[in-house]
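The structure appears below as structure tokens.
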Amino acid sequence: GGMRAGDEAIYNNSPAARTSSFVTSLVAGTGAAGYVKHRGKTGTRPVFNVTNTASVLTGSGGQALQWWENFELDQDGASGAAISGLGPGGIIYNVKISDAGGVGYSISDTGTSFIAGEITGTGSGGISGAAFSAFIGNYLHDLTGDGLLLSGNGQSCVVSKNILDSCSGRAINLSGAPTTYTHIAFFDGNTAFGCGSSGFEVADQDTHALMINSIFSENGDAAGEYNVEWVAGAAEYASFHGWNVFYHSGGGGGANLSGLTVNAQVAASEFITD
Numbered sequence: 069g070g071m072r073a074g075d076e077a078i079y080n081n082s083p084a085a086r087t088s089s090f091v092t093s094l095v096a097g098t099g100a101a102g103y104v105k106h107r108g109k110t111g112t113r114p115v116f117n118v119t120n121t122a123s124v125l126t127g128s129g130g131q132a133l134q135w136w137e138n139f140e141l142d143q144d145g146a147s148g149a150a151i152s153g154l155g156p157g158g159i160i161y162n163v164k165i166s167d168a169g170g171v172g173y174s175i176s177d178t179g180t181s182f183i184a185g186e187i188t189g190t191g192s193g194g195i196s197g198a199a200f201s202a203f204i205g206n207y208l209h210d211l212t213g214d215g216l217l218l219s220g221n222g223q224s225c226v227v228s229k230n231i232l233d234s235c236s237g238r239a240i241n242l243s244g245a246p247t248t249y250t251h252i253a254f255f256d257g258n259t260a261f262g263c264g265s266s267g268f269e270v271a272d273q274d275t276h277a278l279m280i281n282s283i284f285s286e287n288g289d290a291a292g293e294y295n296v297e298w299v300a301g302a303a304e305y306a307s308f309h310g311w312n313v314f315y316h317s318g319g320g321g322g323a324n325l326s327g328l329t330v331n332a333q334v335a336a337s338e339f340i341t342d
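With the numbering used here, the residue at position 16 of the sequence shown is 84, and numbering never jumps.
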């Protein structure tokens with residue numbers, strides 16, 4: 069009949085590959101009884117392998133409070149996300165996405181968290197969505213597309229202590245067009261380097277982004293591309309930034325900064341090298 073709120077399933081090994089999703093969430097966790105948990109056995113990392121375009125994990129019906137820990141997800145299709153939705157308040161912890169035809173994690177629910185994970189080898193980016201989420205301590209690398217695409221017009225999120233390396237698009241891309249300052253996107257302690265388009269790109273000057281303690285190095289490898297870029301205006305209009313390092317050697321015709329003035333808010337707090 070399905071797991072109950074507070075139940076935990078332990079997976080001892082890797083099951084045979086499938087052509088459809090391994091687990092479709094049907095039962096919600098609750099605040100009183102706890103999460104519905106799926107966890108790979110300690111000392112192993114079970115691999116879930118889907119051989120076509122179906123997602124490996126699917127949050128069907130928006131079931132809340134799902135917890136996934138210590139798995140590798142391998143989606144071998146020409147399209148499709150490794151994770152498609154999770155349910156509100158879901159947590160993905162210590163999970164590696166090693167392949168996906170589409171995006172690694174497609175967010176469709178609010179309040180989810182992707183923590184201490186790894187995403188690589190996907191066909192159209194690492195993490196993508198518009199919902200309010202937290203991304204902490206992850207390694208997103210060698211991706212086709214953007215490492216982290218936040219597409220909502222009102223984006224409230226925490227992006228902290230992540231490394232984003234060698235994405236063909238942007239490391240972090242805020243593509244929405246907000247109409248209110250009530251949403252804040254907080255970026256702290258991230259490192260982005262060697263991404264083809266830009267390390268940090270914001271599409272609208274009204275985006276309220278706080279960016280501190282981060283390193284952006286050698287992103288933007290062609291003419292008209294920048295290491296860090298506020299496309300529609302200056303970051304100082306609605307955002308705060310300080311204690312960052314911006315480095316670009318000028319290789320490939322790219323440049324360092326657009327729409328951002330170093331030390332604009334905190335004197336002598338940021339470093340820039342061309």
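In this text, a Cβ means the ideal position worked out from N, Cα and C, and glycines have one as well.
Note that the structure is predicted; figures quoted are calculated from it, not measured.
Bridge partners - phenylalanine 314, DSSP secondary structure assignment: Phe284 and Ile340
Residue closest to glutamate 293, alpha-carbon to alpha-carbon, out of Glu304, Phe139, Gly215 and Leu325: Leu325
Chain-order list of residues whose beta-carbon lies under 6 Å from that of threonine 87 (same chain, five-residue window excluded): Thr119 and Asn120
Residue from Ser219, Thr92, Gly320 and His316 with nearest C-alpha to alanine 271: Ser219
Per DSSP, the bridge partner or partners of glutamate 186: Lys164 and Tyr207
Glycine 213 versus Gly244, Ser224 and Ser266, residue with shortest Cα-Cα distance: Ser266
Cβ shell of alanine 253 (< 6 Å), same chain only, five flanking positions each side left out: Gln223, Cys225 and Ala277
Contiguous beta strand (DSSP E) assignments of at least 3 residues, all confined to the segment 218–254: 225–228, 231–235 and 240–242
Range of the contiguous beta strand (DSSP E) that encloses histidine 106: 104–108
Simplified DSSP assignment, three categories, for glutamate 297: strand
DSSP beta-bridge partners of threonine 259: Ile231 and Ile283
Close beta carbons around aspartate 289, own chain, < 6 Å, minus the five adjacent residues each side: Gly264, Gly320 and Gly322
Under 8 Å between C-beta atoms of serine 176 and alanine 202: no
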